[in-house]
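Residue numbers (the working numbering): 132 to 584.
Rendered as structure tokens:
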């Protein structure tokens, strides 16, 4: 009986030792499997193809094939940025392995989380920047994967690593409706604006028009356009990014862009050869255009006034439109000589104690051009023999808004006005060669008190 008890004790002891050894082995294998999977998952998240290929053994899959899956070489900038934004959102969680002692392998479940690139805001995004912002606030989608870690060899290895890589980077294999290729692939034609022969003359604007395939607007994340304008070797402007909203776009170089040093004395763009270079926002050339500016000499228009008698100025409003465009924008019945200080003594007449000769030219609210004006003095009503290079006053102005009325205040202030005739000459250009409007008034010898009295 004692012998039997001793034999049972030995068997129990051996069993206990074996179970302890198995439990210890299981824990070691589980820890090893989890550590391997965590390292693998981090390599998947980072997307290091050279590291990932080491998990695939003799599967025949190359590092270049993995690179094409993770960062496809045919992606353009928008597609690459889209992919990168999703990739940056990826996180993972490695669960505790389930170890099979007999099979000498472990099953490990891995859950992957990535921002939902199909969320409402993400799909509405018009640019990659907007997409990234939408993605950061999007809910997460979960991808569940599992791997088998094999312990039958000298070192543990993951048997189905490629399945996990494929599942995580599946978003790179889906058509997301992003514009493929480059913007130039959708470019149809371009032409100079209002210069079919390539020559401009006396112009305040040169430009080009570009036409694109309408199919372009079926895609997401269309890159914008930039352009430069050069005169000879000098780059005059480099634009910012201009978004494409229609299949036709006009790109201009205006007198405002040229600045004073880029204009001749008449306010027109300087003579020379100009080149437009058009790019997409990634600096890829779309097209280029050359044109020439050859200006013609403009002779200044002659100042002319009719010979009226003095009483005509007292009883009539004296003015004349010289420019049809200005006349079309003017409100004639609200225009006239303006009595600032109660010294008006007629339709186009002021007493000698006036301090301001002012003509109010009422225009439509759309009128915003700057006008340049001069006043001349003469003892004769026809202003014969005045020195056009020597006005008594000159200035410029933009329209001012009074309640609902827009007016050019063409005013000549002075502490003293000699009796005689005063001519107002208004120009539409800074060089003062194109006369758009004239008016005349008389200053009588009497003061307003004398006239009223």
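Yeah, the Cβ is synthetic: ideal placement off N, Cα and C, and Gly gets one too.
Residue pairing of residue 573 in beta bridges, as defined by DSSP: 480, 552.
Remark: C-beta atoms of residue 479 and residue 389 do not approach each other more closely than 8 Å. Taking residue 375 as the centre and dropping the five residues before and after it, the same chain places the C-beta of 353 closer than 6 Å to its C-beta, in chain order.
By the neighbour-count definition (other C-beta atoms within 10 Å, threshold 16), residue 549 is an exposed residue. Straight-line spacing of the CA atoms in residue 564 and residue 456 works out to 16 Å. Measuring C-alpha to C-alpha distances from residue 370 to each of 558, 409, 400 identifies 409 as the nearest.
Shown here, residue 160 sits in a helix according to DSSP, grouped into three states. Within the same chain, Cβ atoms closer than 8 Å to the Cβ of residue 273 are found at 242, 243, 244, the five residues on either side in sequence being excluded. Put simply, of 207, 293, 160 the residue whose alpha carbon is nearest the alpha carbon of residue 232 is 160. Residue ranges of uninterrupted beta strand (DSSP E) with 3 or more members, entirely inside the segment 397-442 and ordered along the chain, are 403-411, 416-424. Two segments are said to touch when three or more pairs of C-beta atoms, one from each, lie closer than 8 Å; by this definition the segment 493-508 touches the segment 453-468. When the five nearest sequence neighbours on each side are left out, the beta carbons in the same chain lying within less than 6 Å of the beta carbon of residue 248 are those of 217, in order along the chain. Beyond the five residues adjoining it in sequence on each side, residue 252 comes within less than 6 Å, by CB distance, of 265 in the same chain, given in chain order.
Judged by DSSP secondary structure, residue 356 falls within the beta strand (DSSP E) whose first and last residues are 356-362. If one requires a minimum length of 4 residues, no alpha helix (DSSP H) run lies completely within the segment 456-509. Straight-line spacing of the CA atoms in residue 291 and residue 201 works out to 17 Å. Classified as buried, residue 236 has 16 or more neighbouring CB atoms from the shown chains inside 10 Å of its CB. In the structure shown, the three-state DSSP call for residue 517 is coil. Fewer than three pairs of CB atoms, one per stretch, sit closer than 8 Å, so the segment 268-284 makes no contact with the segment 317-327. Taking the Cβ atoms as the reference, residue 287 lies roughly 17 Å from residue 183, outside the contact range of under 8 Å. For residue 241, the enclosing beta strand (DSSP E) has its first and last residue at 236-246. Taking a cut-off of 8 Å for Cβ pairs, the segment 416-425 and the segment 330-337 touch, as three or more such pairs fall below it. Linking residue 477 to residue 445 through their CA atoms gives a straight-line distance of about 4 Å. Shown here for residue 171: same chain residues with a beta carbon closer than 7 Å to its own, the five before and five after excluded, namely 186, 289, 292 in chain order.
In the pairwise beta carbon analysis, the segment 297-311 is classified as not touching the segment 395-407: fewer than three pairs are separated by under 8 Å. As for any beta strand (DSSP E) of minimum length 3 sitting wholly inside the segment 313-372, the runs are 318-323, 336-343, 356-362, 365-369, ordered along the chain. With respect to the C-alpha of residue 534, the residue from 194, 511, 493 having the closest C-alpha is 493.
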